[in-house]
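Novice:
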DNA sequence: CCACCTGTGAAAATCCTGTGAACGCAGGGA
DNA sequence: TCCCTGCGTTCACAGGATTTTCACAGGTGG
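Chains as they are written, first to last, in my numbering: chain A, 3 to 265; chain B, 3 to 265.
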């Protein structure tokens with residue numbers, strides 16, 4: 003969101019976080035180019051912040067990012083202004099003061115519709131080690147060969163890969179892949195991790211992808227074979243990790259990170 | 003629009019006509035089924051007209067017609083009501099009295115987004131394997147012989163072929179071919195896929211076109227018979243795919259997935 | 001060394017798809 | 001008006017594929 007009304011921003015940010023959204027606050031115009039890079043679902047903007055560049059800015063944003071939900075929220079405005087904004091490409095126009103809950107609901111409505119349009123929704127393929135994970139095919143590939151994952155297997159893998167480097171708790175994984183809360187004592191996650199490991203192992207034997215964190219859950223992090231997982235120094239040299247980003251960013255400070263390689 | 007406020011309705015109708023829109027006025031709830039038949043871009047509704055069925059009605063309309071722009075316009079309302087409406091699936095919520103020009107602008111904003119989702123119907127003929135799919139005839143041909151597809155069969159085939167290579171979920175297929183949300187447990191898509199396969203098989207026995215992805219949906223990808231699909235690494239070509247052209251020797255993309263070829 | 005966790009393999013329970021046929025509806029023709 | 005035909009929808013069943021559940025073995029932490 004682009005706004006300077008710190009009270010409104012703060013409240014909204016808090017509620018957004020609570021709802022599980024990720025949001026970023028800016029106090030001035032952000033170049034459309036940068037907006038693209040941010041991969042936003044929606045943008046909430048108060049044109050008052052933009053000064054007399056406002057219309058131009060809205061126009062540019064709307065035309066450069068036709069799939070971005072664009073919501074204007076500002077003080078008093080005339081019908082003519084609202085109509086102009088909407089015609090320019092804004093999806094909604096709210097008047098301050100407005101209830102944060104309503105702002106969220108409108109942002110949600112706008113994003114929902116946006117998402118629906120793009121049926122190629124999460125069509126961003128992920129690359130990890132020798133793996134290529136393609137949501138458009140609900141399948142993962144190693145050297146163009148399909149791993150033949152079932153739907154659940156794929157969704158689990160995709161989730162883990164999306165959160166590459168993060169340790170995810172079983173409950174969290176279950177919640178996000180199965181869509182509802184995990185029953186006490188359910189071992190489904192473990193079983194599917196085993197199935198995944200088996201297929202990964204058979205297609206990409208020289209890499210280790212899924213690591214166990216005892217008492218917690220799992221972490222996805224492609225590692226070429228050979229590192230014995232004694233201690234991991236801040237990235238001396240990875241044999242090859244083309245699009246590996248943020249490698250040294252986080253020293254796995256946590257306890258031990260045993261990586262028992264399923265072997 | 004569904005409203006009884008004749009003044010508002012009349013003014014709006016006149017402006018809408020002037021803007022080149024077609025609009026129909028109702029004074030009571032219209033069954034979602036009928037809405038489907040009306041092929042609407044957007045629906046403006048005053049829930050006050052619907053009495054205590056309002057929420058239920060909104061819910062049903064929104065879930066049955068996810069692609070319909072749904073705008074609520076009513077008298078005073080609480081934040082909670084607006085939030086509820088928006089969460090239920092409404093795309094916008096205006097408060098009366100509202101300027102007709104703004105109402106139009108909002109309807110337009112909502113429809114614009116809706117339209118954007120739909121790919122522009124180019125009506126371009128597609129070629130795939132031995133198939134030639136011609137939207138201008140609502141028919142597919144193999145060596146200039148018509149497959150004698152019915153309307154639904156054709157539309158299903160065309161949709162699949164347009165998204166060649168992509169796995170489409172049943173819900174999505176249904177949504178896009180039938181025009182409204184698929185009811186739980188509906189098997190129509192399967193039945194039509196079977197009909198298509200039968201006709202395709204009889205006209206082009208040496209090719210396989212429609213692949214099943216268990217638990218997900220279907221994928222259209224013409225493959226000449228006989229490929230056992232162990233591993234295929236042809237040229238590592240990119241999926242540029244401008245328009246399908248006669249691929250007499252096109253190396254079918256990835257490996258197999260289950261392609262249980264009905265036999 | 002003990003209590004707990006996780007890896008494994010296989011059996012049991014579910015879910016999904018292919019298939020053939022019945023049903024209802026609407027249009028055309030007699 | 002009645003009958004016939006084509007088309008889309010719905011049903012029930014069978015064969016598989018996939019998920020869950022179990023019991024047990026082995027590893028981990030304290």
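Think of the CB as a built atom: it goes at the ideal place given N, C-alpha and C, for glycine as much as any other residue.
Predicted, not measured: the structure shown is a model, and the values here were computed from it.
Pull up the CB-CB distance for residue 158 (chain A) and residue 198 (chain A), whole angstroms please, since I reckon it's below 8 Å.
Specialist: Confirmed, about 6 Å.
Novice: Kindly confirm or deny that the segment 20-30 of chain B and the segment 4-11 of chain B touch, where touching means at least three C-beta pairs closer than 8 Å.
Specialist: Yes, the segment 20-30 of chain B touches the segment 4-11 of chain B.
Novice: Does the segment 124-132 of chain A touch the segment 161-176 of chain A, meaning 3 or more C-beta pairs lie closer than 8 Å?
Specialist: Result yes; three or more Cβ-Cβ pairs closer than 8 Å.
Novice: Does the beta-carbon of residue 76 (chain B) have 16 or more other beta-carbons within 10 angstroms, so that it is buried, or is it exposed?
Specialist: When all chains shown are included, residue 76 (chain B) counts as buried.
Novice: Helix, strand or coil, according to DSSP, for residue 177 (chain B) in the structure here?
Specialist: Helix at residue 177 (chain B).
Novice: Ends of the alpha helix (DSSP H) at residue 66 (chain A)?
Specialist: Counting along the chain, the alpha helix (DSSP H) containing residue 66 (chain A) begins and ends at 56-66.
Novice: Going by C-alpha to C-alpha distance, which of B:60, B:12, B:192, B:13 sits closest to residue 266 (chain B)?
Specialist: It is not possible to answer for residue 266 (chain B), since the shown part of chain B is limited to 3 through 265.
Novice: Output, in chain order, the set of chain B residues within a Cβ distance shorter than 7 Å of residue 101 (chain A).
Specialist: Ordered by position in chain B, the residues that pass the 7 Å Cβ test against residue 101 (chain A) are 81.
Novice: How about residue 94 (chain A) and residue 78 (chain A): are their beta carbons less than 8 Å apart?
Specialist: It is not a contact, given that the beta carbons lie outside the stated cut-off.
Novice: Specify the secondary structure class of residue 162 (chain B) as computed by DSSP and reduced to three states.
Specialist: If DSSP states are grouped into helix, strand and coil, residue 162 (chain B) belongs with the helices.
Novice: Given a limit of 9 Å on CB to CB distance, which residues of the segment 40-66 of chain A reach chain B?
Specialist: Flagged: no residues at all.
Novice: Within 10 Å of its beta-carbon, does residue 116 (chain A) have 16 or more other beta-carbons around it, so buried, or fewer, so exposed?
Specialist: Answer is buried; the Cβ neighbour count reaches 16.
Novice: When you compare only the Cα positions, how much space is there between residue 145 (chain A) and residue 135 (chain A)?
Specialist: Residue 145 (chain A) and residue 135 (chain A): Cα-Cα distance of roughly 11 Å.
Novice: According to DSSP, simplified to helix, strand and coil, what is residue 98 (chain B)?
Specialist: Coil at residue 98 (chain B), not helix or strand.
Novice: Closest to residue 63 (chain A) by CA distance: which of A:206, A:211, A:42 is it?
Specialist: Answer by Cα proximity: A:42.
Novice: Kindly indicate if chain B contains any beta-carbon less than 8 Å away from that of residue 38 (chain A).
Specialist: No, residue 38 (chain A) lies away from the interface with chain B (no Cβ there is under 8 Å from its Cβ).
Novice: Just the chain B side, please: which residues come within less than 9 Å of residue 152 (chain A) by C-beta, in chain order?
Specialist: Near residue 152 (chain A) (Cβ distances below 9 Å), the residues of chain B are 216, 217.
Novice: What are the uninterrupted segments assigned as alpha helix (DSSP H) that are 4 or more residues long and contained completely in the segment 68-92 of chain B, given in chain order?
Specialist: As far as the segment 68-92 of chain B is concerned, its whole alpha helix (DSSP H) runs of at least 4 residues are 81-90.
Novice: Is it the case that the Cβ atoms of residue 81 (chain A) and residue 96 (chain A) are separated by a distance below 8 Å?
Specialist: For residue 81 (chain A) and residue 96 (chain A), no; Cβs fall outside 8 Å.
Novice: Closer than 9 Å, Cβ to any Cβ of chain A: which residues of the segment 188-201 of chain B, in chain order?
Specialist: Going along the segment 188-201 of chain B in chain order, one finds no residue with a Cβ nearer than 9 Å to chain A.
Novice: Is it right to say residue 9 (chain B) is buried, meaning 16 or more other beta carbons lie within 10 angstroms of its own, or is it exposed?
Specialist: It is exposed - the Cβ of residue 9 (chain B) has fewer than 16 other Cβ atoms within 10 Å.
Novice: So, does the segment 174-183 of chain A touch the segment 203-215 of chain A, judging by three or more C-beta pairs under 8 Å?
Specialist: With a cut-off of 8 Å, the segment 203-215 of chain A and the segment 174-183 of chain A do not count as touching, because too few Cβ pairs lie within range.
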